[in-house]
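Chains as they are written, first to last, in our numbering: chain A, 14 to 223; chain B, 14 to 223. What follows is one structure encoded as structure tokens, with my remarks underneath.
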């Protein structure tokens, strides 16, 4: 298996941490986003959306979208499950991972892409060009603050985002915090001590370096 | 099992069609969105995000988010699989369902919520109030047109959205077309004949009436 990815891409990191937790070996193929390599004909033949990451199986099948790559890896390598075990567990992980993604990760991404000068005219990843909307970026920053507050409340009640076990939901929430800190200068506010304690715990895992 | 839902909610319909395809019986509990019942204390105790649908299991476990409800139903009722069978299949369904959702369904939802007078101050579902952004709604409509064009190209190459079999990806794409048609007066453009042929085929299934 080959993972086409970028070391600076938060979506790529969601897959790298997943691989590290499950100890699955892959060949890493760097895609140079700075040089716009994702728009090259060679990469578009692998992923027509021109986004990273993409997992390419040994038979040539290309899988895009983080949750789809995770699904393949979990089904093909069921050891150290990160997407839940029982039907109920799996649903809880899916729910909380999606909430972390929709209320956190995607919101931070939206704020960054609608703000950064280098992404002018490229407010959304993918093959189509869209202009930035500054008002949307402001709303996204407000949503990111609400994400912090809501997840702080939640993490007063459970040790990990989806409940009792570390899961993919923690990976998305961890990458969201680091992305907000680095990309928006929005670290966890000091009053959110439950969220900070959870963060310190998951950031200390070896996989977080991936 | 109880499904808290609204007959007018496109996200609820994604679950109703899934249930109909798999022939799983549930007790339907209507939530009156017009009367803002989703914000009642009783419903917030079931789903703190104040959104529909929510699946409540016999042990009281509440599952929100369409993809999480689907995951539970697929794992607990594996007959008539709609989320794929092999690891590779499951990844393809996840990828294409997500693309239909992110490039289609969520885009139409964004256009509607940032436009409709009755949703002023409620531009995003959930517990927090956000103002509408008209410029965003315009961008969403442009994205919806790109969704139609991109999926038309894709459906020239495969009979169903995720490949050879009907799957959850078709459900999301079908509900997206009906939502765009009803909510934005944006039916499939006449030139997209592959998309229209796919639509006619899936809309003719008995489950589409759900």
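We put the beta carbon where it would ideally sit given N, CA and C, even for glycine.
{"Query": "Quick one: which chain A residues come within Cβ less than 7 Å of residue 128/B?", "Result": "Under the 7 Å cutoff, chain A gives no residues; its nearest Cβ is about 15 Å from residue 128/B."}
{"Query": "Using C-beta distances below 6 Å, list every residue in its chain close to residue 153/B, excluding the 5 sequence neighbours before and after it, in chain order.", "Result": "120, 123 and 124"}
{"Query": "Mind checking who residue 17/B pairs with in its DSSP beta bridge?", "Result": "42/B and 67/B"}
{"Query": "Name the DSSP beta bridge partners of residue 217/A, please?", "Result": "DSSP lists no partner for residue 217/A."}
{"Query": "Can you tell me whether residue 82/A is helix, strand or coil according to DSSP?", "Result": "helix"}
{"Query": "Could you tell me which residues DSSP puts in a beta bridge with residue 76/B?", "Result": "68/B"}
{"Query": "For residue 97/B, which residues in the same chain have their Cβ closer than 6 Å to its Cβ, ignoring the five residues on either side in sequence?", "Result": "103 and 106"}
{"Query": "To the nearest angstrom, how far is the alpha carbon of residue 94/A from that of residue 90/B?", "Result": "21 Å"}
{"Query": "Say whether the region 172-182 of chain A touches the region 158-174 of chain B, bearing in mind that this needs 3 or more beta-carbon pairs closer than 8 Å, one atom from each stretch.", "Result": "no"}
{"Query": "List, in order along the chain, the chain D residues whose C-beta lies closer than 7 Å to that of residue 77/A?", "Result": "Absent here is chain D; the protein component of the structure consists of chains A and B."}
{"Query": "Excluding the five sequence neighbours on either side, which residues of its own chain have a C-beta within less than 8 Å of the C-beta of residue 59/B, listed in chain order?", "Result": "17, 67, 69 and 75"}
{"Query": "Check whether the Cβ of residue 74/B lies closer than 8 Å to any Cβ atom in chain A.", "Result": "yes"}
{"Query": "Spatial neighbours of residue 31/B within its chain, please: CB distance less than 7 Å, with the 5 preceding and 5 following residues excluded, ordered by chain position.", "Result": "83, 86, 95, 181 and 184"}
{"Query": "Tell me, please, which residues DSSP counts as bridged to residue 31/A.", "Result": "The partner list for residue 31/A (beta bridge, DSSP) is empty, contrary to what the question assumes."}
{"Query": "Considering only the beta carbon of each residue, do residue 38/B and residue 19/B sit closer than 8 Å?", "Result": "no"}
{"Query": "Taking the straight line between their C-alpha atoms, what separation do you get for residue 131/B and residue 35/B?", "Result": "35 Å"}
{"Query": "Tell me whether the beta-carbon of residue 190/A lies closer than 8 Å to the beta-carbon of residue 23/A.", "Result": "no"}
{"Query": "From the DSSP output, in three-state form, read off residue 47/A for me.", "Result": "coil"}
{"Query": "Excluding the five sequence neighbours on either side, which residues of its own chain have a C-beta within less than 7 Å of the C-beta of residue 51/A, listed in chain order?", "Result": "44, 63, 64 and 65"}
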